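If you read the protein sequences in the order shown, they are chains A and B. 414 is the number of the first residue of the first sequence in this note's numbering; add one for each residue after it. 5 is the number of the first residue of the second sequence in this note's numbering; add one for each residue after it. Just so it is clear, CB atoms sit at the ideal spot from N, CA and C, and this is done for glycine as well. Remember, predicted model here, so these are calculated numbers, not experimental data.
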Amino acid sequence: MVEVSVTAEVAEKLRALPESSAISMRLKSDQYFDAIQGMIDRFAIKKDLEVVYVTSTIPSQSIINALEVLEIPMEHIWFVDCISQIMMSQEKRHPHAIIVESPTMLENIMLKVEFLLRRVPDRNALVVLDSINSLAIHNNTKILSEFLHILVNNLRSRGAYTVIFSMQEYETEEIRNMLVLVSDETIELGAYSGS
Amino acid sequence: MPTKEHADGERERCVTGIDAIDHILNGGIPRGNTVLISGSVGTGKTSICIEFLIRGAINGENSLYLSVTEPTDKLLQNVIPFDFFDDRLARQGKLQFLDLPKMYEKLGIDKEDLDFDQTRLLADTIASLVEEQKIKRLVLDSVTSVCYRIREQERIRDFLLRLGTVLSAKGCTTLLVSEIRSSEEGYSQWGVEEALADGVIVTGNLERRGDLLRTLQIVKMRGTTHSRAKYVLDLTTSGVLLVPLLKGGSVAGGG
């Protein structure tokens, strides 16, 4: 029996899905950076996708630092950062990061995603929502469901992949129902071991 | 007002080039319409108007911006650096900017208040300019400032009717910028403007739990069916972008 790494598992499962897929990725906190690596380095870059990474969990600069350590090229990776501003973070802003003032400004998140995708109309894209749990801290279920419904359908019509992170430790029944409603597939990490 | 119709009875459209607005209007503003674009400060009125003109000029339609309140040199320094803007449009005369105070000067209008004859002279001069330059898109920023000098409601009505009728006949689609206070009811300072306009587009600020969102709503547009829902607006270097206002976040009586 061979343990499959989280990085390889994420890449393999995403590669099996067609374009326009909306995927809920259920992961544990200790799988977080491995999942990002698998999704961006092993999947998106190999498929030559434009990546729009919406972060409301940790500042974009922290993720960028991790990507730089892994020597992942940033050329086609863009961030919509909804958390740095409310944290009053003094960190310098990366040229590939756009700030949304607060994770409650869901419409502005959609607008920034739209803005970034419009700049590259001929490229296929992967849009990552990190995470549904942190967005749920700042927004009620009703508006969050509406946001996901509009965003995912819009991305689907563009042929983009959507990956929604959900941290298993912080999931509620409401979040699970919401994800079922908008996702085509659910990937639960570490649920199997390959042989 | 005379307007062109397609064979199927549909009015010919002036495709604004702002995708979301064209989508809301089912293809664009009916050509020749005079549209009031109304809102308080900082809500994106001027940016929308400038994009409307640039997109028109790119599409081969001569476009003219008449500035009343701000010299165009200053305006252009502060306008969003749109990715699609091309200097050549101005050099080729496709995109023109004109300060209305200079027109007042040429016409010998030196008094603060415009009398009946001067009001007519102003409307006729703008109409002649549109005809001579074959202008297909016009922005008057702002009609409120012009009306301040006309003052009398009857004369304002005469000015707007005269201007609207002539411009429509020439197939010129016009945006009249209306400055209102956020607390104000209605869409214009004098009330006459919104009654005479073929369309009313309202921009505003919506405060929701401490966040301030820019919004846009088309409340009236003659000659087409359209959504009357409220949208959230972003002013970007790629142009004006809109997404639907999320209803789950509506506040009672909000914005």
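Taking Cβ positions, are A/F528 and A/I512 nearer each other than 9 Å? no
Could you name each continuous beta strand (DSSP E) segment of 3 residues or more that falls completely within the stretch 465-509 of chain A, going from the start of the chain to the end? 490-494
Quick check on B/Y152: does DSSP put it in helix, strand or coil? helix
Is any beta-carbon of chain B found at less than 9 Å from that of A/L557? yes
B/E55 and B/R35 - do their beta-carbons sit closer together than 9 Å? no
Contact with chain A by B/S242, beta-carbon distance below 9 Å: yes
With contact counted as at least three CB pairs below 8 Å, one residue from each stretch, are the stretch 122-142 of chain B and the stretch 169-179 of chain B in contact? yes
Tell me which residue opens and which closes the beta strand (DSSP E) that B/T207 is part of. G203 to R212
Can you confirm whether A/E520, when its beta carbon is compared against all beta carbons of chain B, has any partner nearer than 9 Å? yes
Which of the three DSSP states, helix, strand or coil, is assigned to A/P431? coil
Per-residue contacts from A/F560 into chain B (C-beta, under 7 Å): L250
Residues that DSSP places opposite B/G43 in a beta bridge: B/E183 and B/T207
Coarse secondary structure for A/M518, derived from DSSP in three states: coil
Inter-residue Cα distance where the pair is B/A199 and B/R226: 12 Å
When we look at the beta-carbon of A/L594 and count the other beta-carbons within 10 Å, is it buried (16 or more) or exposed? exposed
At least one CB of chain B closer than 9 Å to the CB of A/I515: is that the case? Contrary to the premise, residue 515 of chain A reads as Ser rather than Ile in this sequence. So yes, A/S515 belongs to the interface.
Rounded straight-line distance, which links the Cα of B/S192 to that of B/Q122: 22 Å
Can a CB atom of chain A be found closer than 9 Å to the CB of B/R213? yes
Would you say A/M591 reaches chain B, if we count a Cβ-Cβ gap shorter than 9 Å as a contact? no
Between B/V196 and B/R155, is the Cβ-Cβ spacing less than 9 Å? no
Assess, as a yes-or-no matter, whether the stretch 243-252 of chain B is touched by the stretch 518-534 of chain A under the definition of 3 or more beta carbon pairs within less than 8 Å. yes
Cβ closer than 7 Å: which chain A residues qualify as neighbours of B/L245? L524, E527 and F528
For A/F578, the first and last residue of its enclosing beta strand (DSSP E): Y574 to M580
Using a Cβ-Cβ distance under 9 Å, would A/L594 count as near chain B? no
Residue environment, B/E109, which counts as buried when at least 16 other CB atoms sit within 10 Å: exposed
Neighbour-count burial assignment, A/I588, 16 or more Cβ in a 10 Å radius: buried
Where A/W491 and B/E136 are concerned, what is the direct C-alpha to C-alpha distance, given to the nearest angstrom? 48 Å
Against chain A, with Cβ distances strictly below 9 Å, would B/G259 count as a contact? Confidence at B/G259 is low in this model, with a pLDDT of 38, below 50, so its placement is unreliable and the value that follows should be read with caution. No, B/G259 does not count as interfacial toward chain A.
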